[in-house]
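Scroll down for the structure; my scribbles are underneath it.
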Amino acid sequence: MRKLIALVFLLLSGAAILYVLTTPEAAPELDRRSQLAPKPAADPLSDQTALSTSSPPLELPKCNLEEGYVSAQNCRSCHESQFNSWHQTYHRTMTQAAGPDSVIPSFDDVQLTSRGRDYHLHRQGDEFWVDTVDPAAEMKAYIAGQSDQVSRLPQVHRRIAMTTGSHQHQTYWMQNPNGTMVQFPWVYHIDSQRWVFRIDSFLSPPRDTVTFNIWNMKCLGCHTTGGQPRMNPQTHSMFSVGEMGISCEACHGPGATHVQLAEAKDERHLQAILDPQKQNAAESAKVCGQCHVISRQKDEQHFLAHGDPYRPGNDQYDALREVVMFGEDRQVTQEHFPTMVKTGFWPDGTVRTGGREYNALLITSCFTEGTGSRQMTCTSCHSLHNYESPSKLIAKGKTGGAACIQCHAEPEYTTNLAQHTHHPVSSSGSNCLNCHMPHTSYALFSAIRSHRVQSPAVPDSDAGVRPNACNLCHLDQSQQWAAEQLAGWYDLPLPSLSPVDQTTPAGANWALSGDAAQRAIAAWHLGWSGAREASGSRWKVSVLAEMLNDPYSAVRYLAYESLQLLLGSDCPKYDFDGTAEHRLAVQQKILELWKGLPPDVA
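Counted from 1, the sequence shown has number 171 at position 172 by our numbering; the numbering is strictly sequential.
So this is what it looks like as structure tokens:
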């Protein structure tokens, strides 16, 4: 019955997406003059594969003055220093109009192929274009259960209108004839300087072949400032924003009243804008938690028509948003949020999806039990203006354990640190974060620190459990070994462990026998410097070689990244998205290389 309900929901969602993709009435007013563009054939598998070149005049949304937004440029005249520090961040460049200054890779006659689909990228002056499978036709084929026939679907010619991302990877939005923005199914991975089929960058099963997202339905809310989907045919407007990207007013609230009062030299101007650092911990965290959260809309239709009513400083955070948390009754939580729980959380309720740190903060004792200045919030460690680096926005002076000793300044955490950690002070085992915030979240081909601050412990053996902090460094030791160390040092009870967890090196077990999340986390840690320091390198090469044929493409990518860290220039070239024959051949080369390695290559 549950599977039937899920299928009905999926089909209804697909119908909604198809409506948005094809309905002229959903287009902006500016596009209603150009709605004679050809529509996809009613039969998604018709032989009409000729390239459709229709595309509406491109016009991106202007600043939504009705909501009181004034844009970062208006803030700059009084706040030059803050403007400059924000301008260097990746928040600013989260969403941009597509152009020579924002599009990172070359579009010069690029040919891409994946899963039976061919894509051609090219540039016309300062414009970027793609030839792609028609998203509307693909949606129809998906609903009809004919996704395996994509090679027969019609191709269309679409202009890239916007980009999202400029740090880890960049994704692209193409404009449909009715004005809607649809995600191009490839992303550009910046570190490796290569194109990646979008779903391959996620921990997605290999059978997952759906490739489309609608800007208004999926991404608008968190990748712009004050975005409103406005998916209401009566308004003739597909979406509006306070500003492209994540700008001043995303965190401080709409600035029109503040600007008016400041220009009038009215002292009330300070009360007309929000400073997150001057709020209590809960209210300050909500500013970040409007985006860095796993949540659902209580009223999806209201959200799609009017957007999120929350603005920093008002009381509307929970008006439409329900934060998904593990309740005391885990079964009830799973029944209400089955997909979100399965993909977003470890069995202990800890978030395992990167970028969703608000859920983790809400169950961290530093937040729930702290008071006053000792109550942890996002700005306890992060700053958008006074940061060490724009990469992670760690506030100056808050790197590593320095963030923790703001509150935990007792000698056992400072001058007598080794007595507390039982590790040399200069080692990775004496870094507070490695023990209390291990890298157990995944996002964009990387493991990310958990923001649920906890003391390290080895859990009972169970399917899919979150890897413990001790064994993420000591990958060559069993979980039983780690549990015994913790029991001896901190008088913790011994967990109930399976024979495998009692005897097998945890790293090898997670890497070769774990679920997809465990394998991804293990693959990243097998190349991590902290683990190399604690558990050597040579043995890891053979394990990582086996992972080059993992069924999940993201796991294969992580495994190869770690192999490059271990082997350096000796590592053979490998394509994680290549054929099975290619992957097997590289695996054999690495295993031969491993046999000739000295006892340790750390």
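Backbone N, C-alpha and C fix where the C-beta goes; we use that ideal spot for every residue, glycine too.
Under 8 Å between C-beta atoms of residue i and residue j
{"i": "Gln-517", "j": "Leu-496", "result": "no"}
{"i": "Arg-91", "j": "Gly-244", "result": "yes"}
{"i": "Asp-599", "j": "Ser-536", "result": "yes"}
{"i": "Gln-154", "j": "Val-186", "result": "no"}
{"i": "Ser-101", "j": "Thr-163", "result": "no"}
{"i": "Ala-359", "j": "Ser-449", "result": "yes"}
{"i": "Gly-396", "j": "Ala-533", "result": "no"}
{"i": "Leu-557", "j": "Phe-444", "result": "yes"}
{"i": "Val-258", "j": "Arg-295", "result": "no"}
{"i": "Ser-283", "j": "Asn-63", "result": "no"}
{"i": "Cys-221", "j": "Cys-290", "result": "yes"}
{"i": "Tyr-551", "j": "Leu-202", "result": "yes"}
{"i": "Arg-661", "j": "Thr-170", "result": "No statement about residue 661 is possible, as the shown extent of the chain runs from 0 to 601 and does not include it."}
{"i": "Arg-151", "j": "Val-129", "result": "no"}
{"i": "Ala-402", "j": "Ser-379", "result": "yes"}
{"i": "Tyr-68", "j": "Gly-225", "result": "yes"}
{"i": "Pro-504", "j": "Leu-485", "result": "no"}
{"i": "Cys-431", "j": "Gly-400", "result": "yes"}
Secondary structure of residue i, DSSP reduced to three states
{"i": "Ile-189", "result": "coil"}
{"i": "Leu-583", "result": "helix"}
{"i": "Asp-475", "result": "coil"}
{"i": "Ala-25", "result": "Only weak support is given to the placement of Ala-25: the predicted model assigns it a pLDDT of 41, under 50, and the value that follows is read from those uncertain coordinates. In the structure shown, Ala-25 sits in a helix (DSSP, three-state: H, G or I)."}
{"i": "Phe-302", "result": "helix"}
{"i": "His-251", "result": "helix"}
{"i": "Ile-520", "result": "helix"}
{"i": "Ile-272", "result": "coil"}
{"i": "Ala-41", "result": "Unreliable positioning characterises Ala-41 in this predicted model, as indicated by a pLDDT of 41, which lies under 50. The coordinate reading is nonetheless provided below. The answer is coil: DSSP assigns Ala-41 none of H, G, I, E or B."}
{"i": "Gln-418", "result": "helix"}
{"i": "Pro-410", "result": "helix"}
{"i": "Leu-596", "result": "coil"}
{"i": "Leu-290", "result": "First, the amino acid is wrong: residue 290 is Cys here, not Leu. Correct three-state label for Cys-290: coil."}
{"i": "Val-258", "result": "helix"}
{"i": "Glu-368", "result": "coil"}
{"i": "Lys-277", "result": "helix"}
{"i": "Ile-404", "result": "helix"}
{"i": "Leu-590", "result": "helix"}
{"i": "Arg-373", "result": "helix"}
{"i": "Gln-315", "result": "coil"}
Nearest-angstrom Cα separation, counted from residue j out to residue i
{"i": "Arg-114", "j": "Ala-510", "result": "27 Å"}
{"i": "Leu-319", "j": "Thr-502", "result": "49 Å"}
{"i": "Glu-65", "j": "Arg-465", "result": "46 Å"}
{"i": "His-268", "j": "Lys-539", "result": "59 Å"}
{"i": "Lys-588", "j": "Trp-523", "result": "21 Å"}
{"i": "Glu-248", "j": "Gln-227", "result": "14 Å"}
{"i": "Arg-122", "j": "His-166", "result": "23 Å"}
{"i": "Pro-455", "j": "Ala-446", "result": "18 Å"}
{"i": "Tyr-441", "j": "Ala-515", "result": "11 Å"}
{"i": "Ala-579", "j": "Val-585", "result": "10 Å"}
{"i": "His-421", "j": "Thr-398", "result": "21 Å"}
{"i": "Val-149", "j": "Ala-96", "result": "30 Å"}
{"i": "Asn-215", "j": "His-581", "result": "39 Å"}
{"i": "Pro-437", "j": "Leu-471", "result": "8 Å"}
{"i": "Tyr-386", "j": "Cys-377", "result": "13 Å"}
{"i": "Asp-190", "j": "Pro-104", "result": "12 Å"}
{"i": "Pro-204", "j": "Lys-341", "result": "13 Å"}
{"i": "Ala-304", "j": "Val-292", "result": "21 Å"}
{"i": "Gly-463", "j": "Ala-160", "result": "41 Å"}
{"i": "Ser-84", "j": "Met-138", "result": "42 Å"}
{"i": "Ala-482", "j": "Glu-356", "result": "27 Å"}
{"i": "Ala-394", "j": "Gly-98", "result": "32 Å"}
{"i": "Thr-349", "j": "Phe-325", "result": "9 Å"}
Residues bridged to residue i [DSSP beta-bridge criterion]
{"i": "Arg-295", "result": "Glu-321"}
{"i": "Tyr-386", "result": "Ala-394"}
{"i": "Arg-351", "result": "Per DSSP, none; premise fails for Arg-351."}
{"i": "Gln-169", "result": "Tyr-187"}
{"i": "Arg-448", "result": "His-438"}
{"i": "Thr-223", "result": "Met-243"}
{"i": "Cys-62", "result": "Val-240"}
{"i": "Val-195", "result": "Val-186"}
{"i": "Met-180", "result": "Gln-174"}
{"i": "His-381", "result": "Ile-393"}
{"i": "His-344", "result": "The sequence given here places Phe at residue 344; His does not occur at that position. Answer is Val-350."}
{"i": "Ile-213", "result": "Val-181"}
Any non-hydrogen atom of the ligand FMN within 7 Å of residue i CB
{"i": "Glu-248", "result": "The ligand FMN is absent from the structure shown, which contains no ligands of any kind."}
Segments of 4+ residues assigned as alpha helix (DSSP H) that fall wholly inside the segment 77-164: Fully enclosed alpha helix (DSSP H) runs of 4 or longer: 79-86 and 134-142.
Whole runs of the beta strand (DSSP E) within the segment 482-570, excluding any shorter than 3 residues: None, since the segment 482-570 contains no complete beta strand (DSSP E) of that length.
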